[in-house]
Amino acid sequence: MIQIFSPNRPDINSGLKTQRFRVEPLPRLTPETRWRTEAMRSHAQPVLLWFTRGQGRITVAGVTQGFGPHHAVFLPPGTMHGYDMLGQVFGTSVFFLRAPELELPDQPVHLRFREVQQQAELTAMIDNLHREIKEDRPEKDRALMAHAGLLSIWLKRQAGQENIQDIGLDAARRLAMAYSALIERDFRSGKTVHDYAEQLGVTPTHLTRCCNVACGRSASALLTDRLHFEARRLLAETRRPVKAIAAELGFRSAAYFTRAFQKQTGQTPSTFRRRA
713 MIQIFSPNRP DINSGLKTQR FRVEPLPRLT PETRWRTEAM RSHAQPVLLW
763 FTRGQGRITV AGVTQGFGPH HAVFLPPGTM HGYDMLGQVF GTSVFFLRAP
813 ELELPDQPVH LRFREVQQQA ELTAMIDNLH REIKEDRPEK DRALMAHAGL
863 LSIWLKRQAG QENIQDIGLD AARRLAMAYS ALIERDFRSG KTVHDYAEQL
913 GVTPTHLTRC CNVACGRSAS ALLTDRLHFE ARRLLAETRR PVKAIAAELG
963 FRSAAYFTRA FQKQTGQTPS TFRRRA
């Protein structure tokens, strides 16, 4: 099981009123929207990714692993992650409420199910939750919590068996995981890789070396990826001025943000917003 540094997450809404259970198919991506899964990002709610067909690579908390059919990845709130699909990938995302009574895992878990019975059980539990979400029946809220609670228990039982994809918690991976948690907490602050390395008590060179071992990316690439996912999300989903987005993400000026964004994406912020 993946162990990560648990940062404070002031940017995550801890209230339940704005959240709801959701069961959604994994996105069908075009070249213009691949950033929505490939770039580093996080969710405010606990999420279960259930891959049923296809394969690729997923980076969770700074560590990259392969995934294939019948892999399940549980992500606690605020876990930085992204995945690359090799061809067509099918599956489901399950978004849970942030409710302590569900007793969901507080650390990321990557599970692989070889037995058909296990695969069928997980699919059936997700289907039952989805059916309850769609239907308008009495005691719906209680029923949703009950279905989610059963799913949480099932996941914990499976995590206690031999289904976990072992990532090997060597020193490089532990450092990459701590770094990714700090990025997720502070990426809007304008901190540089040097600042993060100093906070972790290592040199920037050593931090980059460990990130390359853990996920095949440099420390700078992880930070840049997280920043520019958020930039694209804000440009696509809000009407905030570019200047305001630049300031929110810690860039020293709108002009500097525009140059950095164009270097990363090949488009200016205004062009990206129009196409999005």
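Numbering of the sequence shown is given in my numbering, commencing with residue 713 and proceeding in unit increments.
In this text, a Cβ means the ideal position worked out from N, Cα and C, and glycines have one as well.
Nothing here was measured: the structure is a model prediction, and the numbers come from that model.
List the residues that DSSP assigns as beta-bridge partners of Trp762. Ala784, Thr804
Grab the span of the beta strand (DSSP E) containing Gln870 for me, first residue to last. Note, Gln870: premise wrong, no beta strand (DSSP E); alpha helix (DSSP H) at 852-871.
With DSSP run on the structure shown, which of helix, strand or coil describes Phe779? Phe779: strand per DSSP, three-state reduction.
Between which two residues does the alpha helix (DSSP H) holding Leu823 run? First-last for Leu823: 821-824, but that is the beta strand (DSSP E), not the alpha helix (DSSP H).
Could you tell me which residues DSSP puts in a beta bridge with Ile770? For Ile770, which the question treats as bridged, DSSP gives the partners Gln777, Tyr795.
Evaluate Tyr795 with the Cβ neighbour count: other Cβ atoms within 10 Å of its Cβ, from every protein chain shown; 16 or more gives buried, anything less gives exposed. If you draw a 10 Å sphere on the C-beta of Tyr795, you find 16 or more other C-beta atoms in it, and that means buried.
Tell me which same chain residues have a C-beta within less than 7 Å of the C-beta of Gly861, skipping the five on either side of it? Closer than 7 Å at Cβ, skipping near neighbours: Leu814.
Neighbour-count burial assignment, Ala967, 16 or more Cβ in a 10 Å radius: exposed
Phe786 and Leu760 look like a contact to me (Cβ under 8 Å); what is the Cβ gap, rounded to whole Å? 5 Å
With 16 other CB atoms within 10 Å as the buried threshold, where does Ile838 fall? buried
Please list, in chain order, all residues of the same chain as Pro916 whose beta carbon is under 6 Å from its beta carbon, the five residues on each side excluded. Val905, His906, Ala909
Determine the extent of the alpha helix (DSSP H) in which Glu960 is found, giving its start and end residues. 954-960
According to the Cβ coordinates, are Phe802 and Arg769 closer than 8 Å? no
Could you tell me whether the segment 969-980 touches the segment 931-947, using the rule of 3 or more Cβ pairs below 8 Å? A contact exists between the segment 969-980 and the segment 931-947.
Going by beta-carbon coordinates alone, are Leu934 and Met752 separated by less than 8 Å? In this structure, Met752 lies closer than 8 Å to Leu934 by Cβ.
Shortest alpha-carbon distance to Pro788 belongs to which of Ala893, Trp747, Glu750, Arg746? Ala893
Three-state secondary structure (DSSP) at Pro817? coil
Would you mind working out which of Gly872, Gln767, Ala888 sits nearest Cys923, comparing C-alpha positions? Looking at the Cα atoms, Ala888 is the closest of the given residues.
Cα-Cα separation, Gln747 to Gln819: The amino acid at residue 747 is misidentified as Gln; the sequence shows Trp. Cα to Cα, the separation comes out at about 24 Å.
Take Gln976 and list the residues in its own chain whose beta-carbon comes closer than 8 Å to its own, dropping the five residues that flank it on each side. Thr936, His940
Taking Cβ positions only, does Gly978 come closer than 8 Å to chain D? Protein chains in the displayed structure number just one, and chain D is not present.
With C-beta atoms as the reference, is Ser965 less than 8 Å away from Ala956? no
Thinking Leu856 and Phe733 are a contact (beta carbons under 8 Å), I'd like their distance in whole angstroms, please. 5 Å
How is Val914 classed by DSSP in three states: helix, strand or coil? Residue state, collapsed to three classes: coil.
Neighbourhood of Pro817 by C-beta, 6 Å cutoff - its chain only, sequence neighbours within 5 removed: Correct list, in chain order: Phe786.
If you follow the beta strand (DSSP E) that Pro992 is part of, which residue opens it and which one closes it? With the chain running from 713 to 988 in the structure shown, residue 992 is simply not present.
Contact check, Leu823 vs Gln870, beta carbons under 8 Å: Cβ distance < 8 Å, so Leu823 and Gln870 count as in contact.
Using a Cβ-Cβ cut-off of 6 Å (strictly less than) and excluding sequence neighbours within five positions of Thr749, which residues of its own chain qualify? Tyr795
For Gln979, the nearest candidate out of Leu841, Val735, Glu744, Gln800 (CA to CA): Glu744
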